[in-house]
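Asker: Protein sequences appear in the order of chains A and B.
First residue of the first sequence: 1, per our numbering; consecutive thereafter.
First residue of the second sequence: 330, per our numbering; consecutive thereafter.
Every residue gets a Cβ at the ideal spot worked out from N, C-alpha and C, and that includes glycine.
Handing you a structure now.
Protein chains: 2
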Amino acid sequence: MNTLKNMYLFFLSLVLFSCTEQNVQKGDPLPSWNEGNTKQSIIDFVNDVTNEGSANFVKAGNRIATFDNDGTLWSEQPYYFQLQFALDRVKVLAPEHPEWNDNPLFKAVLENDMKKVLSFGEHGLLELVMATHAGMTTEEFSKIVKDWINTARHPKTNKLYKEMVYQPMLELLDYLRANGFKTFIVSGGGIDFMRPWTEEVYGIPSEQVVGSSGKVEFEMRNGTPVLLKLPEINFIDDKEGKPVGIHQFIGKRPIAAFGNSDGDLQMLQWTAAGEGKKLMVYIHHTDAEREWAYDRESSIGRLDKGLDEANEKGWTVVDMKNDWKVIYP
Amino acid sequence: MNTLKNMYLFFLSLVLFSCTEQNVQKGDPLPSWNEGNTKQSIIDFVNDVTNEGSANFVKAGNRIATFDNDGTLWSEQPYYFQLQFALDRVKVLAPEHPEWNDNPLFKAVLENDMKKVLSFGEHGLLELVMATHAGMTTEEFSKIVKDWINTARHPKTNKLYKEMVYQPMLELLDYLRANGFKTFIVSGGGIDFMRPWTEEVYGIPSEQVVGSSGKVEFEMRNGTPVLLKLPEINFIDDKEGKPVGIHQFIGKRPIAAFGNSDGDLQMLQWTAAGEGKKLMVYIHHTDAEREWAYDRESSIGRLDKGLDEANEKGWTVVDMKNDWKVIYP
Chain A
1 MNTLKNMYLF FLSLVLFSCT EQNVQKGDPL PSWNEGNTKQ SIIDFVNDVT
51 NEGSANFVKA GNRIATFDND GTLWSEQPYY FQLQFALDRV KVLAPEHPEW
101 NDNPLFKAVL ENDMKKVLSF GEHGLLELVM ATHAGMTTEE FSKIVKDWIN
151 TARHPKTNKL YKEMVYQPML ELLDYLRANG FKTFIVSGGG IDFMRPWTEE
201 VYGIPSEQVV GSSGKVEFEM RNGTPVLLKL PEINFIDDKE GKPVGIHQFI
251 GKRPIAAFGN SDGDLQMLQW TAAGEGKKLM VYIHHTDAER EWAYDRESSI
301 GRLDKGLDEA NEKGWTVVDM KNDWKVIYP
Chain B
330 MNTLKNMYLF FLSLVLFSCT EQNVQKGDPL PSWNEGNTKQ SIIDFVNDVT
380 NEGSANFVKA GNRIATFDND GTLWSEQPYY FQLQFALDRV KVLAPEHPEW
430 NDNPLFKAVL ENDMKKVLSF GEHGLLELVM ATHAGMTTEE FSKIVKDWIN
480 TARHPKTNKL YKEMVYQPML ELLDYLRANG FKTFIVSGGG IDFMRPWTEE
530 VYGIPSEQVV GSSGKVEFEM RNGTPVLLKL PEINFIDDKE GKPVGIHQFI
580 GKRPIAAFGN SDGDLQMLQW TAAGEGKKLM VYIHHTDAER EWAYDRESSI
630 GRLDKGLDEA NEKGWTVVDM KNDWKVIYP
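Structure (structure tokens):
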């Protein structure tokens, strides 16, 4: 009978153990968020759309949540991290391009004259991207990005760029996925720049990353097919482009969308206009001490019209300084 | 002690029950496939890449399988079903377009003169698609497609078009998903034409459908955002376009790819060229009685170069007549 008793205790412990696990999962899913209206509005929304008894219930396959990347999931100051990647690549590639010494834009990059680099405006940035993001196969580029993201450090924090992701947002991504949401990135950043590391860093696989892209071309090289990255724009996933990208890539309207700048406004409008309950969230950079404080006047990540519309329509605005206990993991 | 004994028997039965369930799942996963080399090559591949002890093991997130649609998952004769949709739409829209009576192409459609319609070639088909797939919002178009797919019938079989999907392929999709594969459509067909019904019919959600597309434009209508379908090509997901589409939408190389025509050859080549074990499958239409028999000479779904390359490289070729017990569900 002792054997039977032991078996019973063994099975009982299994049952208890799984109950304990459930309780852990039912603890605070957002421990890095301070209690308050912001956190509560997110939790209330999730509880509502996942409650089968609610009029706002949404079945799991339609629980689509879209996240901007720069300034929403990771930092973006003093300028987009992808621009730093391009600048670093110009320096690596310079020995193969003696002609760059006669080009004022590339010369400014090589001389670390950022003020001058930025004076070339969007056209200049595009030229740097084209020079550093094309002319190789997709697999070669992916390897270059992986090497960079695993070694390059931010000048101010000395952290790896991939460590400058927001701990509260990592918890939010996990929380949404645990509640049957499918999480997507919808970013103005380059799709080929993000995909090599989004799964490791955010738990978002490449097929759930929407972004800007250049054209690629299929080519046979000695019987082996490759995809060549061309110096030509394919799609800009910003502003009006975000709802377009969501339609082309996902084909469903999000029920929750997260951004931090005016470039995300159309994505939030598109989300809000759907039928049923929706969650629109703006991350407001208010923490000059732990991160950066900027909004209406910033050239990077300007939040002006979006802030007005969020206030007017009662969207959730995250005050980084007051709503987040920590910034980085 | 009886209580303890009963508890023990209860738990034991739970364990036995779950073992039985496993055995059921381990029954024939492809009952509509005849035994033979074709079926075995698919099962051997799946067993190998999902076996953690195998040198060919692939972790679940990378088990990407891509499927062509026309002629691979559903029939495509006497011409692509999407063309029939366009022809039906021309007839519905004709009263609003008196000018079509003076246009030889549209006149031929309205007079059911298919020989003449097809004589206008690709340019003519494109004109029909532009006239019927644009000039409305994405949501309006989606509703039109849903209405059509739920009511339109094929002239030869009198089945709904959505019933002309291949039962053996439905089983294959289920089998792959049960083994941790993520299944994608990669089709030359229109992405907005497929997405409204692929989840119901194939269990493939819209975000896993890659296809050809027109441009769409974000527009505010009285404060409500809409996406307008424009009569302009955005992307053709055929031939060299298939590996490009796979890169842009999925960002990972498939480990298994299924097609039926020369338009799928580059997708199969791209799949085959990846590292590790891969499965390349061509569906060969050999069944004139239960479906259609066509290959090297067909204007729809021509399989010529692809058949040579499949034979040369030892890819799996499904002989519909001999490998499939049934065609439609």
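Does DSSP classify Phe-184(A) as helix, strand or coil?
Answerer: Position 184 of the first sequence, counted from the first residue, corresponds to residue 184(A). Three-state DSSP puts Phe-184(A) in a strand.
Asker: Between the beta-carbon of Phe-547(B) and the beta-carbon of Pro-243(A), is there less than 8 Å?
Answerer: The residue labelled residue 547(B) in the question sits at position 218 within the second sequence. The residue labelled residue 243(A) in the question sits at position 243 within the first sequence. Yes; because the gap between Cβ atoms is below 8 Å, this pair is in contact.
Asker: Who are the neighbours of Gly-512(B) on chain A, taking C-beta pairs under 7 Å?
Answerer: In the second sequence, residue 512(B) corresponds to position 183, counting from 1. Residue identity check: residue 512(B) is Thr in the sequence provided, not Gly. Ordered by position in chain A, no residue passes the 7 Å Cβ test against Thr-512(B), which lies about 12 Å from the chain.
Asker: Taking 8 Å as the threshold (beta carbon to beta carbon), is Val-326(A) in contact with chain B?
Answerer: If you number the first sequence from 1, residue 326(A) lands on position 326. Not one chain B Cβ lies under 8 Å of Val-326(A).
Asker: Which runs of the alpha helix (DSSP H) fall wholly inside the region 340-425 of chain B and span at least 4 residues, in chain order?
Answerer: If we require 4 residues or more, the alpha helix (DSSP H) runs fully inside the region 340-425 of chain B come out as 366-378, 410-422.
Asker: Quick check: the region 72-92 of chain A against the region 285-301 of chain A, are there 3 or more CB pairs under 8 Å?
Answerer: Flag = yes, the region 72-92 of chain A and the region 285-301 of chain A touch.
Asker: Just the C-alpha distance for Asn-179(A) and Gln-413(B), rounded to the nearest angstrom, thanks.
Answerer: Counted from its first residue, the first sequence places residue 179(A) at position 179. Counted from its first residue, the second sequence places residue 413(B) at position 84. Taking the straight line from one Cα to the other gives about 41 Å.
Asker: Considering only the beta carbon of each residue, do Asp-44(A) and Asn-56(A) sit closer than 8 Å?
Answerer: Translated into positions along the first sequence, residue 44(A) becomes position 44. Translated into positions along the first sequence, residue 56(A) becomes position 56. In this structure, Asn-56(A) does not lie closer than 8 Å to Asp-44(A) by Cβ.
Asker: Could you compute how far the alpha carbon of Val-109(A) sits from the alpha carbon of Ile-144(A)?
Answerer: Translated into the one-based positions of the first sequence, residue 109(A) becomes position 109. Translated into the one-based positions of the first sequence, residue 144(A) becomes position 144. The straight-line gap from Cα to Cα measures roughly 19 Å.
Asker: Could you tell me which chain B residues have their CB closer than 8 Å to the CB of Gly-61(A), listed as they occur along the chain?
Answerer: In the first sequence, residue 61(A) corresponds to position 61, counting from 1. The contacting residues are Glu-528, Pro-534.
Asker: How big is the Cα-Cα spacing for Ala-617(B) and Met-443(B)?
Answerer: Position 288 of the second sequence, counted from the start, is the residue given in the question as residue 617(B). Position 114 of the second sequence, counted from the start, is the residue given in the question as residue 443(B). Approximately 22 Å, taken between the alpha carbons.
Asker: Tell me which residues share the same chain as Lys-239(A) and place their Cβ nearer than 7 Å to its Cβ, disregarding the 5 neighbours each side in the sequence.
Answerer: In the first sequence, residue 239(A) corresponds to position 239, counting from 1. Around Lys-239(A): Gly-263, Gln-266.
Asker: Going by DSSP in three states, Thr-157(A) sits in which element: helix, strand or coil?
Answerer: Here residue 157(A) corresponds to residue number 157 of the first sequence, with the count starting at 1. In the structure shown, Thr-157(A) sits in coil (DSSP, three-state: anything other than H, G, I, E or B).
Asker: Measuring straight from C-alpha to C-alpha, what distance separates Ala-639(B) and Ser-54(A)?
Answerer: Here residue 639(B) refers to the residue found at position 310 when the second sequence is read from its first residue. Here residue 54(A) refers to the residue found at position 54 when the first sequence is read from its first residue. Taking the straight line joining both Cα atoms gives about 53 Å.
Asker: Is Thr-527(B) near Val-515(B), with beta carbons less than 8 Å apart?
Answerer: In the second sequence, counting from the first residue as 1, residue 527(B) sits at position 198. In the second sequence, counting from the first residue as 1, residue 515(B) sits at position 186. No. Outside cutoff.
Asker: Taking the CB atoms as reference points, tell me whether Lys-162(A) and Val-129(A) lie closer together than 8 Å.
Answerer: Taking the first sequence and counting its residues from 1, one reaches residue 162(A) at position 162. Taking the first sequence and counting its residues from 1, one reaches residue 129(A) at position 129. No.
Asker: Verify whether the separation of the beta carbon atoms of Ala-394(B) and Leu-499(B) is less than 8 Å.
Answerer: Counted from its first residue, the second sequence places residue 394(B) at position 65. Counted from its first residue, the second sequence places residue 499(B) at position 170. It is not a contact, given that the beta carbons lie outside the stated cut-off.
Asker: If you draw a straight line from the C-alpha of Gly-453(B) to the C-alpha of Leu-434(B), how long is it?
Answerer: Counted from its first residue, the second sequence places residue 453(B) at position 124. Counted from its first residue, the second sequence places residue 434(B) at position 105. Near 7 Å, if we compare the C-alpha coordinates of Leu-434(B) and Gly-453(B).
Asker: Distance check for Asn-589(B) and Asp-357(B), CA to CA, integer angstroms please.
Answerer: Taking the second sequence and counting its residues from 1, the one referred to as residue 357(B) is at position 28. Taking the second sequence and counting its residues from 1, the one referred to as residue 589(B) is at position 260. Computed Cα separation, rounded: 25 Å.
Asker: Take Ala-481(B) and list the residues in its own chain whose beta-carbon comes closer than 8 Å to its own, dropping the five residues that flank it on each side.
Answerer: Within the second sequence, residue 481(B) is the residue found at index 152, counting from 1. Taken in chain order, the residues that qualify are Gln-413, Phe-414, Asp-417, Leu-489, Tyr-490.
Asker: Using beta carbons (cut-off 8 Å, strictly below), is Arg-153(A) in contact with chain B?
Answerer: Within the first sequence, numbered from 1, the residue matching residue 153(A) stands at position 153. It does not: the Cβ of Arg-153(A) has no partner Cβ on chain B nearer than 8 Å.
Asker: Strictly under 8 Å for the Cβ-Cβ distance: is His-462(B) near chain A by that measure?
Answerer: Here residue 462(B) refers to the residue found at position 133 when the second sequence is read from its first residue. False, the Cβ-Cβ gap to chain A never drops below 8 Å.
Asker: Flag this pair as yes or no: are the beta carbons of Gln-167(A) and Ser-32(A) separated by less than 8 Å?
Answerer: Indexing the first sequence from 1 puts residue 167(A) at position 167. Indexing the first sequence from 1 puts residue 32(A) at position 32. The answer is yes: Cβ separation under 8 Å.
Asker: For Asp-323(A), count neighbouring C-beta atoms within 10 Å of its own C-beta (all shown protein chains included) and say buried if the count is 16 or more, exposed if not.
Answerer: Within the first sequence, numbered from 1, the residue matching residue 323(A) stands at position 323. Buried: at least 16 other Cβ atoms inside 10 Å.
Asker: Could you check what DSSP says for Asp-308(A) in three-state terms: helix, strand or coil?
Answerer: As a position in the first sequence, residue 308(A) is number 308, starting the count at 1. Of the three classes helix, strand and coil, the one that applies to Asp-308(A) here is helix, per DSSP.
Asker: When DSSP builds the beta bridges, which residues end up paired with Glu-548(B)?
Answerer: Mapped onto the second sequence, residue 548(B) falls at position 219. Note: Glu-548(B) sits in a beta bridge opposite Val-555(B).
Asker: Would you verify that the beta carbon of Phe-249(A) is, or is not, closer than 8 Å to some beta carbon of chain B?
Answerer: Position 249 of the first sequence holds residue 249(A). By this cut-off, Phe-249(A) is an interface position.
Asker: Excluding five sequence neighbours on each side, which residues of the same chain lie with their C-beta closer than 7 Å to the C-beta of Leu-447(B)?
Answerer: Walking along the second sequence from the start, residue 447(B) turns up at place 118. Counting only Cβ-Cβ distances below 7 Å, and skipping sequence neighbours, we find nothing.
Asker: Straight-line CA distance for Thr-286(A) to Leu-303(A)?
Answerer: Within the first sequence, numbered from 1, the residue matching residue 286(A) stands at position 286. Within the first sequence, numbered from 1, the residue matching residue 303(A) stands at position 303. Taking the straight line from one Cα to the other gives about 12 Å.
Asker: Grab the span of the alpha helix (DSSP H) containing Ala-272(A) for me, first residue to last.
Answerer: As a position in the first sequence, residue 272(A) is number 272, starting the count at 1. Note, Ala-272(A): alpha helix (DSSP H), 265-272.
Asker: Identify, in the order they occur along the chain, each residue of the same chain with its Cβ nearer than 8 Å to the Cβ of Pro-329(A), setting aside the five sequence neighbours on each side.
Answerer: In the first sequence, the residue the question calls residue 329(A) occupies position 329. Hits under 8 Å: Glu-163, Val-165, Gln-167, Leu-170.
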